[in-house]
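Numbering-wise (the numbering used here), the sequence shown opens with residue 625 and increments by one. We put the beta carbon where it would ideally sit given N, CA and C, even for glycine. Report on the structure given below.
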Amino acid sequence: KGLVPNSHAYAAAATACATGGAWESALGLLGHMQSRGRRPSKIVYGALVSACATGGQWVQALSLLKRMQMQRMRPDVVTINAAIKACGRGRAWREALLLFSALDADGAATTRSCGAAMAALVKGGQIQKAMLLFDWMNERGVHASLQCYTLVFACCARSGEWSRAVEVWEQLLRSGQMPDRVCLCAMLDALSSARQWRRGLAVLEQLSRAQRAAKRKRKLLTRAEVDAMRSQQQGGEFESNAAPDSDSASGMDGTIASALDADPAA
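Below is the structure:
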């Protein structure tokens with residue numbers, strides 16, 4: 625009869641389809657399982673929702689969440705985040721915001737949840753709502769990722785709020801994160817759209833100083849680690865048989881349902 629694929633095999637296949645952008649093939653796996661009388665697990669559903677997110681198929685993603693609900697399965701935050709991402713790529717910002725609100729009501733919203741919801745709002749043209757969500761993150765003490773900062777700068781570029789962009793830029797540097805090229809370009813775009821070229825030069829200088837400071841900090845940490853190892857060695861804390869040149873030692877129910885039952889207005 626040959627090998628019979630289990631849930632992990634189906635999940636791996638769905639993940640492969642998601643990586644390749646083949647969301648239709650991923651959903652075909654669901655029909656294949658049902659034809660064999662196999663019930664999809666939470667892992668399989670999560671992989672299928674992720675595949676829908678890759679293709680921006682928000683209607684299909686929400687349909688999968690409803691299937692989980694009908695089978696008395698509680699989607700985890702990773703699956704909900706993928707559904708929010710699917711809504712964002714499909715420009716269904718209302719549905720994305722409903723799902724995020726459901727996560728928040730359950731106290732399960734994460735940094736990735738915020739980033740996915742912000743991206744959905746920006747793609748849906750809801751600039752002020754995206755900015756309010758970033759403010760909400762600051763009020764709640766939620767860590768903002770580089771994606772969140774980049775989205776804020778993009779919002780500022782569209783709205784012309786260059787002074788707000790400068791404030792958020794300074795917040796980013798204080799957080800200890802180093803902006804990547806995409807984030808830096810978004811910030812410079814926010815300034816150039818308001819003809820603030822001098823501010824743009826100042827931003828580049830700030831970033832250069834921050835990078836030099838981070839480099840010095842890394843060197844200091846390396847020296848401190850070496851000193852600590854020497855101190856331990858002199859104190860006899862290393863075992864006598866340790867290799868002298870070794871580098872290291874080994875040693876969401878009701879609220880989710882409400883969001884899914886909402887009218888799917890794109």
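Asked	Found
Using a Cβ-Cβ cut-off of 6 Å (strictly less than) and excluding sequence neighbours within five positions of Arg736, which residues of its own chain qualify?	Asn705
Within 10 angstroms of the Cβ of Leu815, are there 16 or more other Cβ atoms? Answer buried if so, exposed if not.	buried
Roughly how many angstroms separate the alpha carbons of Pro803 and Gly644, rounded to a whole number?	28 Å
Start and end of the alpha helix (DSSP H) containing Asp759?	Ile751 to Arg764
Is the beta carbon of Val683 less than 9 Å from the beta carbon of Thr703?	no
Using the rule of at least 16 other Cβ atoms within 10 Å of the residue's Cβ for burial, across every protein chain shown, is Asp869 buried or exposed?	Residue placement at Asp869 is flagged as unreliable, the pLDDT there being 44, under the threshold of 50; a coordinate-derived value is accordingly withheld.
Considering Glu791, what are the terminal residues of the alpha helix (DSSP H) in which it resides?	Trp786 to Arg798
I need the boundaries of the alpha helix (DSSP H) containing Ser817, first residue and last residue.	Per DSSP, Ser817 belongs to no alpha helix (DSSP H) and is neither H nor E.
Expressed to the nearest angstrom, what Euclidean distance is found between the alpha-carbon atoms of Arg713 and Ser665?	25 Å
Give the list of continuous beta strand (DSSP E) stretches no shorter than 3 residues that lie fully inside the stretch 639 to 663.	none
What separation, rounded to the nearest whole angstrom, lies between the Cα atoms of Ser687 and Leu757?	26 Å
Beta-carbon separation of Thr774 and Cys807 under 9 Å?	yes
Considering only residues of the stretch 703 to 738, which uninterrupted alpha helix (DSSP H) runs meet the minimum length of 4 residues and lie entirely inside it, listed in chain order?	717 to 729
Just tell me which of Pro699, Ala741, Arg696 and Gln658 has its CA closest to the CA of Arg718.	Ala741
Can you find the residues in the same chain that come closer than 6 Å, C-beta to C-beta, to Ala633, ignoring five residues on each side of it along the sequence?	none
Can you tell me whether Ala866 is buried or exposed? The criterion is at least 16 other CB atoms within 10 Å of its CB, across all chains shown.	Bear in mind that the predicted position of Ala866 carries a pLDDT of just 44, short of 50, making it unreliable; the figure below should be weighed with that in mind. It is exposed - the Cβ of Ala866 has fewer than 16 other Cβ atoms within 10 Å.
For my contact list, Met761 and Ala768 are in at a C-beta cut-off of 8 Å; report their separation, rounded to the angstrom.	6 Å
What are the start and end residues of the alpha helix (DSSP H) that includes Ala677?	Lys666 to Gly679
Just to confirm before moving on: does the CB-CB distance between Ala720 and Leu689 stay below 9 Å?	no
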